[in-house]
Amino acid sequence: MPYRTIIEPFRIHSVQGISFPTTEEREAALVRAGYNLFGLHADEVIIDLLTDSGTGSMSAEQWAAMMVGDESYAGSRSFYRFADAVTKLTGLPEVIPVHQGRAAEWILFSSVAGPGKVIPNNTHFDTTRANVEFQGAEARDMVIAEGRDPAADHPFKGNMDVTALRATIAEVGVGNIPLVMITVTNNSGGGQPVSLANLREVRAVCDEHGLPFFMDAARFAENAWFIKLREPGQAERTPRQIAREMFSLVDGVTFSAKKDAIANIGGFLAMKDPALAAQCRNLLILTEGFPTYGGLAGRDLEAIATGLDEVLEEGYLRYRIRSTEYLGEKCRDAGVPIVWPPGGHAVYIDAKAMLPHIPPARYPAQALAVELYREGGVRGVEIGSVMFGKPGDDGTETPAAMELVRLAVPRRTYTQSHIDYVGEVVVAVAKKAPSLRGYRITESAPWLRHFTARFEPI
Ligand SMILES: *Cc1c(COP(=O)(O)O)cnc(C)c1O
148 MPYRTIIEPF RIHSVQGISF PTTEEREAAL VRAGYNLFGL HADEVIIDLL TDSGTGSMSA
208 EQWAAMMVGD ESYAGSRSFY RFADAVTKLT GLPEVIPVHQ GRAAEWILFS SVAGPGKVIP
268 NNTHFDTTRA NVEFQGAEAR DMVIAEGRDP AADHPFKGNM DVTALRATIA EVGVGNIPLV
328 MITVTNNSGG GQPVSLANLR EVRAVCDEHG LPFFMDAARF AENAWFIKLR EPGQAERTPR
388 QIAREMFSLV DGVTFSAKKD AIANIGGFLA MKDPALAAQC RNLLILTEGF PTYGGLAGRD
448 LEAIATGLDE VLEEGYLRYR IRSTEYLGEK CRDAGVPIVW PPGGHAVYID AKAMLPHIPP
508 ARYPAQALAV ELYREGGVRG VEIGSVMFGK PGDDGTETPA AMELVRLAVP RRTYTQSHID
568 YVGEVVVAVA KKAPSLRGYR ITESAPWLRH FTARFEPI
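Numbered according to the numbering used here, the sequence shown spans residues 148 to 605.
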């Protein structure tokens, strides 16, 4: 089409109203929630960019598929449709449904990890890291150097540093590495993609050492689209062909269907190894349910099977990646420092650069996230030292590598005017950045503390 504007490739079929809390109501909500945006009631939020997880709008086809869901306990028709869809896409024969991605992680790492083990990853997502550490193993991040520098422009900032991977294997020994993992796109590192070339390189290293290679594939379709746009020789291939090649390079996958299956719940664990799958299914029965539903209703399996197909449509992916980039450009054009280029599902504001007067121990990204809500009712999420700081025994903390606020864009949910509004709020907060103050934590849990911690302003 000769036109510049990439329009939303859907029309709206049913709508949900947005509430508009006043400034006073927002302030009261912040105090009640202990300045933790996870503690807000969703009705206190105007534009909710907390996460793109489970917040997408399902299509009429997905809703229709739900109506024919088979709720049989064992051997449901919906399970076989789901498992076929997963195997057709990934080539992996063993398909284990779970209620969310983290259940796949728990089952996988309960089966293979333990004290003394090390799991390499480009960057572990927070639930992945927590599940590895819960087993007493070490979650080791080794994204390329550009991936840790918010301002460094690179087409595949999610790539794994293969030299660091080799060094880790030499250091800890093959016997202590149950598997190598890679996260596409690299959520905790800015939603940045991983190239096919990098996946092939990691595969080669794994083959040299006989190591299994697993992919956290939550955003496989977005990653495939970036490969089509940016990787030499890939422009003419379909996202489906590219996705198939990505999956062909790994031995197993953990997947949150709340992302690139555009479903509201669900996930799966899929793999080649039947012996490991049998071990995983035993844990599945203990915690999730029978292997043909895994904690999901038959109708959820249907929504996921349909979503896995829709998410690879070119029109959808073009709109999806462009709408995130559009918000990123609005921020950048206003001089707001963001991780560049923008990720697939989110724009990450660099709070360290925006609020240099707030030290990491005073949580600059938390301060920024709170202010975006206070200013315009926009809810993002801190991805910095609240999420990834390591509290020591002496009361001090090792800060995270980056202090980011993630503005995640739900799939097919908001329109361009919503995003224009968010851009205006970000710019308004940037103007008063020097007046923002840090926070201290007054209460926190031993792991995944960002979900429930309480704060007070300094
Ligand atoms: C969301 C996510 C997970 C965890 O999935 P849940 O469905 O939220 O449990 C794991 N890895 C990545 C990269 C994710 O984005």
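By construction, the Cβ of each residue, glycine as well, lies at the ideal position given by its N, Cα and C atoms.
query	result
Burial state of G536 (16 or more Cβ within 10 Å)	buried
Three-way DSSP call (helix, strand, coil) for K537 in this model	strand
Closest Cα partner of P567 within the set R526, C478, A500 and E529	It should be noted that the sequence gives Asp, not Pro, for residue 567. If we check each option's Cα against that of D567, C478 comes out closest.
Separation of T202 from V573, as counted between CA atoms	22 Å
Supposed close pair T330, N269 - CB separation, criterion 8 Å	6 Å
Of the residues L448, E472, Q339 and I530, the one placed nearest G222, counting alpha carbons only	L448
Identified DSSP bridge partners for Q545	Reading off the sequence, residue 545 comes out as Thr, not Gln. In the DSSP output, where bridge partners are listed per residue, T545 has K537.
Chain-order list of residues whose beta-carbon lies under 6 Å from that of T589 (same chain, five-residue window excluded)	R601 and E603
Residue burial classification, A368 (beta-carbon count within 10 angstroms, cutoff 16)	buried
Counterpart residues of T330 in DSSP-defined beta bridges	D363
Run of the alpha helix (DSSP H) containing T560, from where it starts to where it stops	First-last for T560: undefined, no H or E at that position.
Cβ-based neighbour list, V107, same chain, cut-off 6 Å, excluding 5 preceding and 5 following	Nothing about residue 107 can be read from this structure; the chain reaches only from 148 to 605.
Burial state of N183 (16 or more Cβ within 10 Å)	buried
Proximal residues to A180 (C-beta, below 7 Å), its chain only, five neighbours per side dropped	G186 and L187
Cβ shell of T453 (< 6 Å), same chain only, five flanking positions each side left out	E208, Q209 and A212
Nearest-angstrom Cβ-Cβ length linking H492 and D199, presumed shorter than 8 Å	5 Å
Residue from G531, A498, T471 and L502 with nearest C-alpha to E155	T471
For R313 and R509, the rounded distance between their alpha carbons	36 Å
Other residues of its chain near A577: CB distance less than 6 Å, five sequence neighbours each side excluded	V483
Close beta carbons around A230, own chain, < 6 Å, minus the five adjacent residues each side	V242
Residues bridged to G414 [DSSP beta-bridge criterion]	V245 and S403
Given 8 Å, three or more beta-carbon pairs between the stretch 233-252 and the stretch 412-426	yes
Beta-carbon separation (whole angstroms), S564 vs A547, contact threshold 8 Å	So it is not a contact: roughly 34 Å between Cβ atoms.
Anticipated Cβ contact below 8 Å, F303 with D363, distance rounded	With a Cβ gap of about 16 Å, F303 and D363 do not count as contacting.
Integer-rounded CB distance, given that L430 should sit under 8 Å from S257	6 Å
Minimum C-alpha distance to P379 - residue among L502, D398 and L343	L343
Same chain, Cβ closer than 6 Å to G570, neighbours up to 5 away in sequence not counted	K477
Residues near V458 in its chain [Cβ-Cβ closer than 7 Å; skip 5 each side]	A368, D407, A408 and I409
4-residue-minimum alpha helix (DSSP H) runs that sit fully inside the stretch 238-313, ordered along the chain	248-259 and 273-281
Pair within 7 Å by beta-carbon distance, P511 and L502	yes
Assumed close pair V528, A516 - CB separation to whole angstroms, cut-off 8 Å	6 Å
S567 (DSSP reduced to helix, strand or coil)	Ser is not the amino acid found at residue 567; the sequence shown has Asp there. Correct three-state label for D567: helix.
I530 versus E293: straight-line alpha-carbon distance, rounded	18 Å
Any non-hydrogen atom of ligand 1 within 6 Å of S342 CB	no
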